[in-house]
Amino acid sequence: MPRKIFVLCLMITTVLALSQPGFSEKNTILLKAATPRPVASTEAVVLNTFKDLVEKRTRGQIKIEVYTDGALGDDEQLIKGLQRGTVDLATCASFKYADYVPEFMMLEVPFLFFSTDHLRQILGGTLGEVLADQALQLRGDTVLGYVVGNPVNVISSKAIPNLSRVQSLRFRMMLLPTHWQIWERLGMLLVTLAYSELRIGLQVGLVDLAETSFSEFKQMRLYETAKFILQTEHYFPVSPLFLSKLAWDKIPRSHRALLRDCAREAIDVGTDYAILTNSEVARELTGRYWVRISEFSFADKQACRLKVAEEQKRIFFGFGHEAVWAEITSTFDQYEPVPEEEEDNGV
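Under the working numbering, the letters of the sequence shown match residues 140 to 486, in that order.
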């Protein structure tokens, strides 16, 4: 009789244990995370790091499957998928998301930020809060953070002159209204040309200048026709990390802050990865492909920004975010490099 009681107690204990969170597959929350970018991209690094952190800290109660290379769709399909339930977490280009939440177009303004650090500072302040609030109000999406990609530079098959002084150069740039408005202010003749045709366009002289990142420059083998890069870093692509409302509602309240912390740490890892790979590709371009990379000084960037400031201001005021514009403007000069002599003297 005691043996039967012992077996019965053991069975009851086992059933109760399996019914608790973390003990049963039924209670495990499975999230699908996706990016249209390749597996070696910053976005993919962020998602995989986020997956590892979340699964470890929730002890497997939340599991994440990561899909890269557009396996679950392009930017547009992922944005729609967040509301349809086909994807729970996603990174997508800000300008694509701006079709649904227009304020995200404020991230699509060249010469707005001095560096990745400057942009991240602003995204950690009023601008980041404004965008997150709008995404939540208009679509129910939760912004877990902002992934900053590799900076964009100006390239050419010839030596590149000072951008703040030249006029009427044929320039191929991103086909976005905010980009067009800024480059027109700088006196460029804007050329519409498919990105896939950029290499031949530079070769035959359809365009004098174009813009791209170091990694895309290498991937497209643009070094075969364009041997000059002006490291303007005038634009930093941003891919917000979104969690759908359907997924957010499934997350226990006790784990929501944890998810935000994991996202923040994953994005820090992604930022370090982006900076490292950007430097490595730059060294490869100069050392292996004989590309000449010229510095774009703080004074040069200031001069260009001064010429386009009114257009930048008009964009922000058009969205009714004068305070955001003021915050960006007041912090730009904080990133002026300290002269080496002053650093040596401890100034």
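We put the CB at the ideal spot given by N, CA and C, even for glycine.
Residue i classed as buried or exposed, judged by whether at least 16 other C-beta atoms fall within 10 angstroms
| i | result |
| --- | --- |
| TRP464 | buried |
| VAL343 | exposed |
| PHE253 | buried |
| CYS148 | Low confidence applies here, because CYS148 scores a pLDDT of 44, under 50, leaving its location unreliable; read the following figure in that light. Exposed, by the Cβ-count rule. |
| TRP322 | buried |
| PHE455 | buried |
| THR331 | exposed |
| ILE339 | exposed |
| ALA333 | exposed |
| ASP227 | buried |
| GLY459 | exposed |
| LEU314 | exposed |
| PRO175 | buried |
| SER469 | exposed |
| SER436 | exposed |
| PRO391 | exposed |
| PRO316 | exposed |
| SER335 | exposed |
| PRO476 | exposed |
| LEU415 | exposed |
| LEU445 | exposed |
| ALA183 | buried |
| ALA421 | buried |
| ALA172 | buried |
| LYS190 | buried |
| GLU247 | buried |
| ALA124 | Past the boundaries of the shown model lies residue 124; the chain is included only from 140 to 486, so the question cannot be answered. |
Bridge-paired residues (DSSP) for residue i
| i | result |
| --- | --- |
| THR230 | LEU380 |
| THR281 | LEU382 |
| ARG311 | ALA349 |
| ASN417 | Per DSSP, none; premise fails for ASN417. |
| GLN370 | GLU434 |
| GLU204 | LYS171 |
| SER295 | PHE367 |
| LEU329 | PHE310 |
| VAL286 | SER378 |
Distance, residue j Cα to residue i Cα
| i | j | result |
| --- | --- | --- |
| ILE218 | SER383 | 9 Å |
| CYS401 | LEU270 | 20 Å |
| LEU397 | VAL286 | 18 Å |
| TYR206 | SER393 | 27 Å |
| GLN451 | ILE201 | 42 Å |
| ASP238 | LEU170 | 25 Å |
| PHE243 | THR181 | 20 Å |
| GLN320 | LEU266 | 21 Å |
| GLU372 | ASN289 | 9 Å |
| LEU192 | THR225 | 23 Å |
| ASP213 | CYS231 | 8 Å |
| PRO160 | LYS195 | Legend: pLDDT at PRO160 = 42, less than 50; position of this residue unreliable, no value from coordinates given. |
| ASP472 | VAL377 | 22 Å |
| LEU329 | GLU355 | 21 Å |
| ARG309 | HIS318 | 15 Å |
| PHE381 | MET359 | 29 Å |
| VAL430 | LYS235 | 32 Å |
| SER158 | GLY199 | In this predicted model, SER158 has a pLDDT of only 44, less than 50, meaning its place in the structure is not dependable; the value taken from the coordinates is given anyway. So the alpha carbons of these two residues sit roughly 15 Å apart. |
| TYR428 | THR364 | 11 Å |
| LEU251 | GLN441 | 10 Å |
| LEU275 | SER418 | 36 Å |
| ARG453 | TYR474 | 24 Å |
| ILE368 | THR197 | 46 Å |
| GLU215 | ARG223 | 12 Å |
Of the residues the options, the one placed nearest residue i, counting alpha carbons only
| i | options | result |
| --- | --- | --- |
| ASP256 | THR364, TRP322, TYR206 and PHE375 | PHE375 |
| LEU341 | GLN306, ASN292, ASN301 and LYS366 | LYS366 |
| VAL291 | GLU350, ARG198, THR468 and LEU361 | GLU350 |
| GLY284 | ASN301, GLN260, LEU277 and ILE299 | GLN260 |
| GLY426 | SER469, TYR362, PRO300 and GLU242 | TYR362 |
| PHE353 | GLU423, GLY409, LYS195 and SER469 | GLU423 |
| GLY279 | ALA386, TYR412, ILE432 and LEU415 | ALA386 |
| LEU277 | VAL377, VAL240, ARG309 and MET245 | VAL240 |
| LYS297 | LYS389, LEU348 and TYR428 | LEU348 |
| LEU262 | PRO476, PHE458, ILE406 and PHE437 | ILE406 |
| GLN306 | ARG324, LEU345 and MET313 | ARG324 |
| ILE294 | ASP214, ARG311 and VAL282 | ARG311 |
| MET327 | TRP429, PRO177 and ASN301 | ASN301 |
| GLN273 | GLU419, VAL346 and PRO379 | PRO379 |
| LYS389 | GLU215, LEU258, LEU186 and THR281 | THR281 |
beta-carbon residue i near the ligand GTP non-hydrogen atom, thresh 7 Å
| i | result |
| --- | --- |
| TYR428 | As far as ligands go, the structure on display features none, and thus does not contain the ligand GTP. |
For residue j and residue i, believed in contact at Cβ under 8 Å, the rounded distance
| i | j | result |
| --- | --- | --- |
| ALA229 | LEU221 | 6 Å |
| ASP439 | SER233 | Not quite, the Cβ-Cβ distance comes to about 25 Å (not below 8 Å), so this is no contact. |
| THR188 | GLY409 | 7 Å |
| PRO249 | ASP208 | With a Cβ gap of about 28 Å, PRO249 and ASP208 do not count as contacting. |
| GLN370 | ILE432 | 6 Å |
| GLU466 | GLY264 | 6 Å |
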